[in-house]
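Step one of this worksheet: look at the structure below.
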Amino acid sequence: MTNGTHGGIQIRGSIPAIVTPMHEDGSLDLPAFRKLIDWHVAEGSNGLVVVGTSGESATLSVEEHVLMVQTAVEHTAGRFPIIAGAGGNSTAEAIELSKAAKKVGADATLQVVPYYNKPTQEGMYRHFVKIAESVDLPVVLYNVPGRTVADMNNETILRLAGVPGIIGVKEATGNIDRAAHLIKHAPAGFGIFSGDDPTAIALMLLGGHGNISVTANVAPKAMSELCRAALEGDAITARKIHLKLLSLHKQLFCESNPIPAKWALEAMGRMEGGIRLPLTPLDARYHDVVRDALRETGLLA
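In our numbering, the protein residues as written are 277 to 577.
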């Protein structure tokens with residue numbers, strides 16, 4: 277898997293889980309979204325996850341969800357892959373979202389472990405197999421038990437790694453032992469991507485394939501350079517960049533993602549800070565710590 281090609285598409289390196297820009301009234305800001313895409317291309321990002329956790333997928337209508345994916349595909353115009361968040365806790369709904377993503381030209385879907393209804397490992401397996409069999413579009417699994425309260429174990433992930441159409445996993449537990457086990461035992465052609473910025477450097481130096489990142493929303497160039505160094509085995513350069521980003525990794529989670537990231541992008545002049553309930557704008561007591569982290573990283577004067 278050293279070439280980073282999975283299911284016929286190149287998914288490797290820094291892949292921001294991009295926020296969904298909104299006006300102050302919560303309506304979508306598509307012009308700002310297009311500008312963010314151009315910025316990510318210019319800064320060296322290697323792809324985007326659209327309408328994932330960071331993209332507030334839970335509070336977008338189906339029509340808005342599809343519109344965001346379509347806008348990303350059309351504006352990117354093949355400059356890098358677009359991975360559409362299309363997961364859910366209903367298998368039938370996840371299939372419908374995946375069909376819509378395919379129709380508008382997404383390169384792959386990101387499929388989160390079903391949340392709230394807490395399926396068994398067998399239920400998780402059947403859920404993802406059904407999606408892969410129903411829609412001819414590459415699937416990246418997404419294990420994030422801190423949000424879903426359902427943890428897909430490595431045995432289930434490796435079982436799914438042999439299913440045609442399932443091309444990788446976003447491993448967001450932050451547990452490097454688990455990630456290393458996947459890297460060691462996954463078949464060739466199955467991508468292992470970090471979903472945890474503080475431990476992404478370790479995952480990539482161990483042989484993982486990239487980072488689906490929150491931090492890259494606000495520091496795309498630095499994260500791109502970190503990923504490139506780590507994937508090339510240049511631990512010294514990767515370490516230097518990682519330490520520079522350390523405060524940012526922490527403060528972008530001072531409240532629930534994407535609250536701090538959206539505030540940071542507004543502070544940087546990249547977009548308005550609109551966000552939808554039940555998420556709320558960043559509490560004023562955290563403004564200084566996020567601002568200081570941006571300054572420490574050289575993103576604000």
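Every residue, glycine too, gets a C-beta built ideally from N, C-alpha and C.
All figures in this text were calculated on a predicted structure; none of them were measured in a lab.
| query | result |
| --- | --- |
| Other residues of its chain near ASP305: CB distance less than 8 Å, five sequence neighbours each side excluded | PRO297, MET298, HIS299, MET547, GLU548, GLY550 |
| Which of helix, strand or coil DSSP assigns to ALA353 | coil |
| Under the three-state DSSP convention, the category MET499 falls into | helix |
| Cβ-based burial, ALA569 [other Cβ within 10 Å; buried from 16] | buried |
| ASP482 in three-state terms, based on DSSP | Looking at the sequence shown, residue 482 is not Asp but Leu. Of the three classes helix, strand and coil, the one that applies to LEU482 here is coil, per DSSP. |
| Straight-line Cα distance separating ALA384 from THR278 | For THR278, the pLDDT reaches just 36, beneath the cut-off of 50, and the residue's location in the model is therefore unreliable, leaving the point undetermined. |
| CB-CB length for ILE358 against VAL326, believed under 8 Å | 6 Å |
| N- and C-terminal bounds of the alpha helix (DSSP H) containing PHE309 | 306-319 |
| Opening and closing residue of the beta strand (DSSP E) in which ASN419 lies | 415-419 |
| Simplified DSSP assignment, three categories, for LEU558 | coil |
| Buried versus exposed, by CB contacts within 10 Å (16 or more), LYS635 | The first residue shown for the chain is 277 and the last is 577, placing residue 635 beyond what the model contains. |
| Beta-carbon proximity list for THR491, same chain, < 7 Å, skipping 5 on both sides | ASP473, MET499, LEU521, LEU524, HIS525, LEU528 |
| Between the CA atoms of ALA464 and GLY438 - distance to the nearest angstrom | 10 Å |
| Contact under 9 Å by Cβ, THR396 with ASN419 | no |
| Cut-off 8 Å between Cβ atoms - residues of its own chain near GLY331, not counting five sequence neighbours on either side | ALA293, ILE294, VAL295, THR296, VAL325, MET344, GLY361, PRO534 |
| Span separating the alpha-carbon of MET480 from that of SER321 | 16 Å |
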